[in-house]
Amino acid sequence: MKKIFVIYGLIGVVLISSLIYLGFQGLSDKTEELYGKALDLSKEVEENLWKDFNFGDYPVAIRQRNTEYVFRKEEMRKRTPVLPVIACTAYPVDGEVNVFMLSKEELDTLGDFAEGIGNEEEFLINQFGLDKKKMIDEQYLSIMYHEGLHAYQLKYYEKNLMNIAKDEYKEIDEKEVLRRVDEEAIVSYYEKEGELLYQAITTQDDKESISLAKEYVSARKKRIQFLEKHWKREELEVLKEQEHYYELVEGTAKYMEEQILKYLEREEIVEKYLKTIKELQEGKQKYYNTGMGICLLLDRFNISWKKDAFRNPIPLNERLEDALEGL
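When we follow the numbering used here, the leftmost residue of the sequence shown carries the number 60, and every step to the right adds one.
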């Protein structure tokens with residue numbers, strides 16, 4: 060995976076221009092209230108959802124126009140924005156990983172924004188789409204926790220995650236690789252995988268879930284076998300790296316979103332999240348969804364996976380395959 064440096068001109072310009080008409084008001088009481096709710100959830104999330112991850116451990120910089128309001132539990136201070144783009148992300152500031160968010164009002168106004176993670180040398184971000192409707196409070200909280208998990212990843216496991224990509228393939232154009240996976244001959248494989256993964260998650264029958272999960276693993280291998288015949292070895296290795304990285308880093312973060320929404324009893328939104336697994340999306344976004352799906356299956360099969368997810372960052376699909384051997 061090539062290092063994508065912090066220059067992110069086009070989206071930055073688009074997002075900044077989108078904010079011109081928002082006025083000059085300070086941070087709203089609503090956004091402060093939502094940060095407080097996120098903080099209130101932190102102990103329960105750490106105890107019941109992800110051990111050792113406490114949202115309250117990270118400063119949260121919420122941007123409203125040209126000011127960042129930096130919250131650290133009950134304290135708040137203002138500063139000039141740190142990033143050159145408007146983004147929801149995690150990024151180190153003065154040696155400490157910060158969570159970056161937009162205010163609730165600005166996210167309601169934007170149709171899309173930059174999202175991802177970054178360190179002092181690279182900034183791996185993606186354009187992230189939102190429905191044109193205003194998001195509900197629970198969605199805002201879930202995005203806070205998505206970015207909070209990125210902060211946890213960076214604070215403790217940055218080297219492990221950034222080393223998933225191998226330098227020997229740095230000459231391969233990863234954007235071209237991602238474009239090619241959306242070609243018609245390959246899409247049919249992804250569609251079958253997505254349907255099997257979705258069914259394995261949503262079926263009420265545990266034995267059927269295991270059977271469908273095994274079919275999913277098999278279908279995924281068939282896609283790789285097809286690509287082995289039609290792609291260069293180096294191109295396929297880059298694709299495997301990208302699937303590994305985005306399923307592990309972004310898939311777990313999307314899983315966190317889904318779990319927060321489930322905890323907050325927004326089942327109608329949870330259903331939409333699950334449907335994204337079988338609704339094939341272009342480029343790397345599909346791996347956010349499959350990564351989330353694999354996490355949900357590991358939970359369903361009572362597999363203890365979170366402790367080692369980033370400490371020993373093997374691909375999530377391999378973790379699932381290993382788990383299925385004992386079922």
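Beta carbons are placed, not taken as given, at the ideal position from N, Cα and C, and that holds for glycine. Fair warning: this is a prediction, and the values are worked out from it, not measured in the lab.
For residue i, three-class secondary structure by DSSP
i                 : result
valine 119        : strand
threonine 262     : coil
threonine 311     : helix
valine 240        : coil
methionine 194    : coil
phenylalanine 369 : coil
arginine 378      : helix
phenylalanine 114 : helix
valine 104        : helix
lysine 291        : coil
leucine 142       : coil
alanine 224       : coil
phenylalanine 285 : helix
lysine 214        : helix
glutamate 341     : coil
aspartate 167     : helix
phenylalanine 83  : Because the pLDDT of phenylalanine 83 is 44, which lies under 50, any placement of that residue in the model is unreliable, and the number read from its coordinates should be weighed accordingly. Looking at phenylalanine 83 - three-state DSSP - the assignment turns out to be coil, as it is neither helix nor strand.
serine 247        : helix
isoleucine 362    : coil
threonine 335     : coil
glycine 388       : This structure gives no information on residue 388, because the portion of the chain shown stretches from 60 to 386.
isoleucine 231    : coil
arginine 325      : coil
Separation of residue j from residue i, as counted between CA atoms
i              : j              : result
glutamate 233  : glutamine 340  : 17 Å
arginine 292   : asparagine 348 : 26 Å
glycine 177    : lysine 288     : Residue placement at glycine 177 cannot be trusted, given a pLDDT of 44 that sits under 50; the coordinates are not used to answer.
asparagine 157 : asparagine 125 : 17 Å
lysine 89      : isoleucine 319 : 19 Å
leucine 255    : glutamate 274  : 7 Å
aspartate 167  : aspartate 196  : 11 Å
leucine 386    : isoleucine 245 : 30 Å
alanine 382    : glutamate 317  : 22 Å
glutamate 252  : glutamate 384  : 19 Å
glutamate 380  : aspartate 111  : 26 Å
serine 87      : isoleucine 202 : 18 Å
arginine 325   : glutamate 243  : 35 Å
glutamate 164  : glutamate 92   : 13 Å
glutamate 250  : lysine 345     : 10 Å
isoleucine 353 : valine 240     : 20 Å
lysine 365     : asparagine 107 : 12 Å
valine 152     : tyrosine 304   : 24 Å
aspartate 358  : aspartate 265  : 12 Å
methionine 351 : leucine 100    : 21 Å
tryptophan 109 : isoleucine 231 : 36 Å
leucine 298    : arginine 378   : 18 Å
tyrosine 204   : serine 268     : 28 Å
Whole-Å CB distance - residue i paired with residue j, under 8 Å assumed
i            : j                 : result
alanine 149  : leucine 213       : 5 Å
valine 276   : asparagine 376    : 7 Å
arginine 131 : proline 118       : 5 Å
tyrosine 321 : leucine 200       : It is worth fixing the name first, because residue 321 is lysine in this sequence and not tyrosine. Contact flag wrong, Cβ pair sits at about 12 Å.
valine 141   : glutamate 155     : Between glutamate 155 and valine 141 the Cβ distance is about 12 Å, and since that is not below 8 Å, they are no contact.
leucine 307  : leucine 295       : That belief does not hold up - the Cβ atoms of leucine 307 and leucine 295 are roughly 18 Å apart, past 8 Å.
tyrosine 248 : lysine 281        : 7 Å
arginine 122 : leucine 161       : 5 Å
leucine 237  : glutamine 284     : Not a contact, Cβ separation roughly 20 Å.
valine 104   : phenylalanine 114 : 7 Å
Residues that residue i bridges to, as DSSP identifies them
i           : result
proline 159 : According to the sequence shown, residue 159 is phenylalanine rather than proline. DSSP output for phenylalanine 159 lists Ala120 and Thr148 as bridge partner(s).
valine 129  : Ala120 and Arg136
Near the ligand SAH: residue i beta-carbon under 7 Å from a heavy atom
i           : result
glycine 385 : The ligand SAH is absent from the structure shown, which contains no ligand whatsoever.
### Task
Assess, as a yes-or-no matter, whether the stretch 204-213 is touched by the stretch 311-319 under the definition of 3 or more beta carbon pairs within less than 8 Å.
yes
### Query
Do three or more CB pairs link the stretch 314-334 to the stretch 370-379 at distances below 8 Å?
no
### Message
Using a Cβ distance threshold of 8 Å, determine whether the stretch 220-231 contacts the stretch 251-260, with at least three qualifying pairs required.
### Response
no
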